[in-house]
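Only one structure is covered here, and it is reproduced in the block below.
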Amino acid sequence: IVHDYLSNSSILEMAKPGTEFIDVGKKPGNPTPQELINSLLVHLGSQHLNVVRLKGGDPFVFGRGGEELQVLAAQGIPFEVVPGVTAACGVAAFAGIPLTHRDHAQSCLFVTGHLKDNSVDLNWTSLAQPHQTVVIYMGITGLDSIARELQAAGLPGDTPAALIYRATWPQQQIFCTTVHDLPATAVRHHVKPPTLLVIGSVVGLIPPELRPTD
């Protein structure tokens, strides 16, 4: 089992005795190079082993599963894809946030806030449109830019936002704030990865019993 950093240990415990576990998680500050993962999958697959590439979410939504599939296909190694539930859907549902709602959001965008060349390269105008929900993966390190650029593109600073840390885990924490206050909220609560960012009026629909206290 070649697993990611966020693979739940309770799932790994389901493996049969004698299973080899290989951790290739992209840990903050010490990521496993994708090229190394690709080579490892090819190496294991070429030995005709029963290999499971376990990801925390859907392999084809910001999971680099497509890149790994291309490498295996190019080497003629057979594979089967088992779909998962991407973090945007699973995290939001567990936190009580409907990503779409007839009165609030008629569309939903999934984007990555992962920094590239020390900048967050996103289409800010499209993200600042009304009546939609925006879910940003890997956006913690770019919160200053995200908050600033969204407001510059026309999104009101008082638009509700939520930072959801380690969703579905015992350590889960939800920090409700606004787009303007995103950076300050993250600093005040020492929010770190893995955290998902949800922006839009749907954040205000979190049921009272699930709503955190600041």
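Counting in this note's numbering, the sequence shown runs from 1267 upward without gaps. Ideal placement from N, C-alpha and C gives every residue a C-beta, glycine not left out. Since we're looking at a predicted model, the values are computed, not measured.
Beta-carbon gap between residue i and residue j smaller than 9 Å
i            : j            : result
residue 1358 : residue 1364 : yes
residue 1422 : residue 1468 : no
residue 1269 : residue 1290 : yes
residue 1329 : residue 1472 : no
residue 1405 : residue 1443 : no
residue 1391 : residue 1431 : no
residue 1334 : residue 1288 : no
residue 1318 : residue 1267 : yes
residue 1446 : residue 1424 : yes
residue 1441 : residue 1453 : no
residue 1459 : residue 1410 : no
Straight-line gap, residue i to residue j (C-alpha atoms, nearest Å)
i            : j            : result
residue 1412 : residue 1301 : 29 Å
residue 1451 : residue 1309 : 45 Å
residue 1375 : residue 1356 : 15 Å
residue 1524 : residue 1373 : With the chain running from 1267 to 1480 in the structure shown, residue 1524 is simply not present.
residue 1336 : residue 1322 : 20 Å
residue 1475 : residue 1352 : 24 Å
residue 1420 : residue 1465 : 14 Å
residue 1360 : residue 1463 : 14 Å
residue 1408 : residue 1387 : 10 Å
residue 1327 : residue 1284 : 31 Å
residue 1347 : residue 1429 : 30 Å
residue 1307 : residue 1325 : 14 Å
residue 1274 : residue 1470 : 29 Å
residue 1439 : residue 1477 : 10 Å
residue 1311 : residue 1305 : 10 Å
residue 1483 : residue 1297 : In this structure the chain extends from 1267 to 1480, so residue 1483 is not present and cannot be described.
Per DSSP, cross-strand counterpart(s) of residue i
i            : result
residue 1401 : 1376 and 1464
residue 1293 : 1296
residue 1444 : 1426
residue 1358 : According to DSSP, residue 1358 bridges with nothing at all.
residue 1319 : 1268
residue 1277 : None, per the DSSP bridge assignment.
residue 1353 : DSSP output for residue 1353 lists no bridge partner at all.
residue 1367 : 1371
Burial state of residue i, where buried means 16 or more other Cβ atoms lie within 10 Å
i            : result
residue 1320 : buried
residue 1277 : exposed
residue 1370 : buried
residue 1332 : exposed
residue 1345 : exposed
Should the segment 1407-1419 be called in touch with the segment 1333-1342, which here means at least 3 C-beta pairs below 8 Å? no
Contact between the segment 1426-1444 and the segment 1383-1397 (3+ Cβ pairs under 8 Å): no
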